[in-house]
């Protein structure tokens, strides 16, 4: 099962996302921003990092990369896309997901092992979790505070489109403790925590992130 | 102003030149005239002034540093030694590792964010230049007192700068130090370490040879930032009343560096360069003269080809600019088009600015006019050497022994322990380290606050490296010779405590003014101690950095040799962590405690320095390291005892996983009593937790290595109980974690 990971200039967690796909049993495929060729992958991960140095706004420049034009069209037809951290920011800038990620409330970059609860298990990226399951996954960002209009928040909540929520403590001032959301169709998911950094007990605080990658593989098999 | 050419310099020998303003001494200026047989041009003067600065030429330290060569132990591991951008060691399986620490102290005082950020950027480029992929960074930082007003200006900016740059490069920050002492007020120390990995065959050197090969500048365009940074900032003390020196600090663009790293690694992978040098301190002056000097000598550069961010820059400014994120490569003409293609892929500007010539001189032209014509060795390697006066400082004759309270009651134990762990030097540093990404790249096996940072090198074979940086500046103040030895031994112990074998050493020697004979004595003693201990331990020094002039007025910083030790671990899955993992384990202290209060954090808390550093017992330390490595499978956790002694180690080990401990300290058996047992900083000790069923096996090994074990108690519960003094973990955590957030927000 071929899963792509896009490298933009300034992507940092691309190698970790490729590793996570491999550990989950998939075939990781590196994709480069400057090509619009999706290389016959069946799903794609937009990894964390500081694409284009976060200049202008996080994700604002990457959104115009040739590969994004292919991804945006595919996503509108149900192609599974996971955006992690900077990838989430790119998805918001691309309008595949609503809202925006803004400067953390404390104005600092925060790297910590973050408790989370799973709020939606109907997406192809979260189907391997149990509803309400508690996870510990690293967050590491300077602009992770999820903000959206009151109407958008009502829409997200009423449609059950909050995928992950911060537990115990809101680390950055996100509205409704939102750590991740999905689009109405459920194929596009954006999360601020880094599941690809919680796939091995040796290097992560847990292996709680691995199910994002096993979920997508199982979803693609069952399709 | 008219261009000052070589022809004009010959015709007009008496032109007044600003050599003094550029930091040169009169005899140094005379020497330049002697070398050239005429006065230097403005551009030559600029080059010599930056390259002969203390920062670049090591003119005050050279005579001492040569001991690292004279006393070097035999090492099969050393692939590239001192002199290149960074040393390289063999770690087996065909892998080579390069690592180095550098200082960026003065720029970080002037402009904390950019100073610290470009410090990280510079050391990362040094590692990249060796042909290696940078894999992790560490940052030993030192500040004035935590509650001093200027610390509140400097610390948040420095921490944000280290994080802002390093995080954006995708390099995990896996360790370092945060230390406060009043002598660093006005002179914060920002030391940055980077480690990189490559295959043996990929090692690159800074050399230019092969007549007709091209000199290519690639990376960021050249601007007016950082002009004279090394000569102006790093080689002078800050005196009040002088004009602001802010423009001398470079401005960093980590995104440009990240792209430069990926671009360079792709270029290296296709073997497209003959030699490579990064542009750091002294910019193009340094890169061209060092490349030419290390090669056959001849090089011609057309300075007007250098892409500029600011077109108004004069040739001297272009030569001195320390604009960041630039590299200089020597390339065969046949490989140029492939080189350019890779640069284009990463949107990196690359320009041919010259070529290697058959001559012996570095010749630089600007719009066709010859403005530099020098033997490159005289610029890069044959700078002035000073054997500066040395005198043992008077303060050493008026030191007084410590006089500290005894701990007779549970209340006294509790009160002293809580105040110690809340002291800024001991308290939890998460406020700082949570601003650094420790996870990126997915290979960080251990990161701060663990005893060493550890990175997996190979996912299939599980090979990894560990790094620790240490300094105990108060011991160095009391006894610089032994202070340096103790810092290295502590660093080795930290490596071994996590399960890795020490392999090589780097250092960053931070001192006051070399023109002060007392400071120079501290420096000489430190280098002597470090060279001796490396020989005794059989560890090669792979490189290092000297930072002088860290003083405000007549007050120098504590002598601060920061020692970095690299270790190798064959299977990272076997590493040992510092936190007690479960209840029902035996807590044991390896090694004896003495009444070593001098220079300790507890003595400092009571306003005392004491009168002597501990005497290192190298034989015992070597056996301790052997014991740690052999007994590692028996440990459930292990934590080195250093700053704050056993009290700090117990606090950190219990709070890590929130598992308490109950211990008894029979004070009558320890010189200094219970107070020493808890707070003395006797070296050569480790706190371990072991399963009771492994105890006898451990005792056998300890006996084999003649290392004493002391049973302290057992793990479990939700309190730390010491001789009937019970401190709930909640109370312990509050004391330990609240200090830095309270001070810095």
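Protein chains in written order, with the working numbering: chain A, 87 to 309; chain B, 175 to 919. From the three backbone atoms N, C-alpha and C, an ideal C-beta is built for every residue, glycine too.
According to DSSP, is residue i helix, strand or coil?
{"i": "residue 684 of chain B", "result": "strand"}
{"i": "residue 636 of chain B", "result": "coil"}
{"i": "residue 313 of chain B", "result": "strand"}
{"i": "residue 763 of chain B", "result": "strand"}
{"i": "residue 478 of chain B", "result": "helix"}
{"i": "residue 603 of chain B", "result": "coil"}
{"i": "residue 232 of chain A", "result": "strand"}
{"i": "residue 910 of chain B", "result": "helix"}
{"i": "residue 299 of chain B", "result": "helix"}
{"i": "residue 408 of chain B", "result": "Its pLDDT being 45, under 50, residue 408 of chain B is placed unreliably in this model, and the value from its coordinates should be taken loosely. In the structure shown, residue 408 of chain B sits in coil (DSSP, three-state: anything other than H, G, I, E or B)."}
{"i": "residue 113 of chain A", "result": "strand"}
{"i": "residue 675 of chain B", "result": "strand"}
{"i": "residue 922 of chain B", "result": "Absent from the model: residue 922 of chain B. The displayed extent of chain B is 175 to 919, so no value can be given."}
{"i": "residue 813 of chain B", "result": "strand"}
{"i": "residue 181 of chain B", "result": "helix"}
{"i": "residue 886 of chain B", "result": "strand"}
{"i": "residue 798 of chain B", "result": "helix"}
{"i": "residue 731 of chain B", "result": "coil"}
{"i": "residue 307 of chain B", "result": "strand"}
{"i": "residue 473 of chain B", "result": "strand"}
{"i": "residue 941 of chain B", "result": "No answer is possible for residue 941 of chain B: the residues shown for chain B start at 175 and end at 919."}
Among the options, whose alpha-carbon lies nearest the alpha-carbon of residue i?
{"i": "residue 845 of chain B", "options": "B/577, B/770, B/543 and B/865", "result": "B/770"}
{"i": "residue 896 of chain B", "options": "B/841, B/876 and B/837", "result": "B/837"}
{"i": "residue 265 of chain B", "options": "B/887, B/741, B/826 and B/822", "result": "B/741"}
{"i": "residue 205 of chain A", "options": "A/195, A/218 and A/197", "result": "A/218"}
{"i": "residue 113 of chain A", "options": "A/144, A/89 and A/100", "result": "A/89"}
{"i": "residue 228 of chain B", "options": "B/559, B/220, B/431 and B/726", "result": "B/559"}
{"i": "residue 901 of chain B", "options": "B/460, B/589 and B/513", "result": "B/589"}
{"i": "residue 162 of chain A", "options": "A/268, A/100, A/109 and A/281", "result": "A/268"}
{"i": "residue 545 of chain B", "options": "B/918, B/178 and B/502", "result": "B/178"}
{"i": "residue 445 of chain B", "options": "B/460, B/487 and B/379", "result": "B/379"}
{"i": "residue 647 of chain B", "options": "B/303, B/367, B/281 and B/786", "result": "B/786"}
{"i": "residue 180 of chain B", "options": "B/204, B/219 and B/202", "result": "B/219"}
Around the C-beta of residue i, are 16 or more other C-beta atoms found within 10 angstroms, so that it is buried, or is it exposed?
{"i": "residue 408 of chain B", "result": "Only weak support is given to the placement of residue 408 of chain B: the predicted model assigns it a pLDDT of 45, under 50, and the question is left unresolved by the model."}
{"i": "residue 541 of chain B", "result": "exposed"}
{"i": "residue 767 of chain B", "result": "buried"}
{"i": "residue 634 of chain B", "result": "exposed"}
{"i": "residue 335 of chain B", "result": "buried"}
{"i": "residue 346 of chain B", "result": "buried"}
{"i": "residue 825 of chain B", "result": "buried"}
{"i": "residue 375 of chain B", "result": "exposed"}
{"i": "residue 364 of chain B", "result": "buried"}
{"i": "residue 125 of chain A", "result": "exposed"}
{"i": "residue 267 of chain B", "result": "exposed"}
{"i": "residue 280 of chain A", "result": "buried"}
{"i": "residue 811 of chain B", "result": "buried"}
Along the chain, where does the beta strand (DSSP E) that runs through residue i open and close?
{"i": "residue 269 of chain B", "result": "269-277"}
{"i": "residue 501 of chain B", "result": "500-505"}
{"i": "residue 227 of chain B", "result": "Premise fails: residue 227 of chain B is in no beta strand (DSSP E) and is neither H nor E."}
{"i": "residue 446 of chain B", "result": "That residue, residue 446 of chain B, is in no beta strand (DSSP E); it is neither H nor E in DSSP."}
{"i": "residue 628 of chain B", "result": "627-630"}
{"i": "residue 252 of chain A", "result": "248-252"}
{"i": "residue 537 of chain B", "result": "536-540"}
{"i": "residue 200 of chain A", "result": "196-204"}
Need the endpoints of the alpha helix (DSSP H) that residue i sits in, please.
{"i": "residue 893 of chain B", "result": "Per DSSP, residue 893 of chain B belongs to no alpha helix (DSSP H); it is in the beta strand (DSSP E), 893-896."}
{"i": "residue 316 of chain A", "result": "Shown here, chain A extends from 87 to 309; a query on residue 316 of chain A therefore has no answer."}
{"i": "residue 368 of chain B", "result": "Counting along the chain, residue 368 of chain B falls outside any alpha helix (DSSP H), though it belongs to the beta strand (DSSP E) covering 363-373."}
{"i": "residue 340 of chain B", "result": "323-343"}
Can you confirm whether the stretch 297-309 of chain A touches the stretch 241-254 of chain A when touching is taken to mean that 3 or more C-beta pairs between the two stretches lie within less than 8 angstroms? Taking a cut-off of 8 angstroms for Cβ pairs, the stretch 241-254 of chain A and the stretch 297-309 of chain A do not touch, as fewer than three such pairs fall below it.
query: Taking three-plus beta-carbon pairs below 8 angstroms as touching, is the stretch 492-501 of chain B in contact with the stretch 387-396 of chain B?
result: yes
Practice problem: Count the C-beta pairs between the stretch 713-725 of chain B and the stretch 244-255 of chain B that are closer than 8 angstroms, then say yes if the count reaches three, no if not. | Solution: yes
Just checking, does the stretch 164-184 of chain A make contact with the stretch 133-148 of chain A on the three C-beta pairs under 8 angstroms criterion? yes
contact_flag[the stretch 846-858 of chain B, the stretch 813-825 of chain B] where n(CB pairs < 8 angstroms) is 3 or more | Yes: the two stretches touch, three or more of their Cβ pairs being nearer than 8 angstroms.
Check: Given 8 angstroms as the limit, is there contact between the stretch 615-622 of chain B and the stretch 741-760 of chain B, that is, 3 or more CB pairs closer than that?
Finding: yes
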